[in-house]
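**Student:** What follows is a single structure, and I will ask about it in a moment.
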Amino acid sequence: MNQLVRWINTKEEHATFIQSIMTDYFLAQRIKPKQKNEAGRQQYVDQTLLLQQIIVAGMKCKQTVDKSKPELVSILLNQFVELYFNEHGKEHLNAMQKG
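For the sequence shown, the numbering used here gives the first residue as 1, with consecutive numbering after it.
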């Protein structure tokens, strides 16, 4: 029983951490608003919508133990990587994951 509680707490901590990174780092600091008809507007809209989906999916991870919810977060994060990072950034992420 104690192990189950630890797993649930860890799951919720990870979901909260992902939400925090998306809001505090990407939405607040990295993604700059673009006005209508300004270059890069569609990319801004796409990134913002995807970040909102990640935040909501993280919330759903905290509400259930359904394993499809973290899988959705992973899919959305991979989509965000493709949308946000250039090739150099992707190479850097891959190098970090390999250790």
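Beta carbons are placed, not taken as given, at the ideal position from N, Cα and C, and that holds for glycine. From a predicted model like this one, the values you see are computed outputs, not experimental measurements.
#1: Going by the C-beta, is Leu76 closer than 8 angstroms to any heavy atom of the ligand GDP?
#2: Over the uninterrupted alpha helix (DSSP H) stretch that includes Thr23, give me the two end residues.
#3: Count the other CB atoms, across all protein chains shown, that sit within 10 Å of the CB of Gln47; report buried if there are 16 or more and exposed otherwise.
#4: Determine the DSSP secondary structure at Asn86, reduced to helix, strand or coil.
#5: With H, G and I counted as helix, E and B as strand and the rest as coil, what does DSSP make of Ala15?
**Tutor:** Taking the definition as stated:
#1: Absence of the ligand GDP is noted for the structure shown, with no ligands found whatsoever.
#2: Counting from one through the sequence shown, the residue named residue 23 turns up at place 23. Looking at the DSSP string, Thr23 is not in any alpha helix (DSSP H), and its letter there is neither H nor E.
#3: As a working note, residue 47 is residue 47 in the sequence shown. Buried: at least 16 other Cβ atoms inside 10 Å.
#4: Translated into positions along the sequence shown, residue 86 becomes position 86. If DSSP states are grouped into helix, strand and coil, Asn86 belongs with coil.
#5: Indexing the sequence shown from 1 puts residue 15 at position 15. In the structure shown, the three-state DSSP call for Ala15 is helix.
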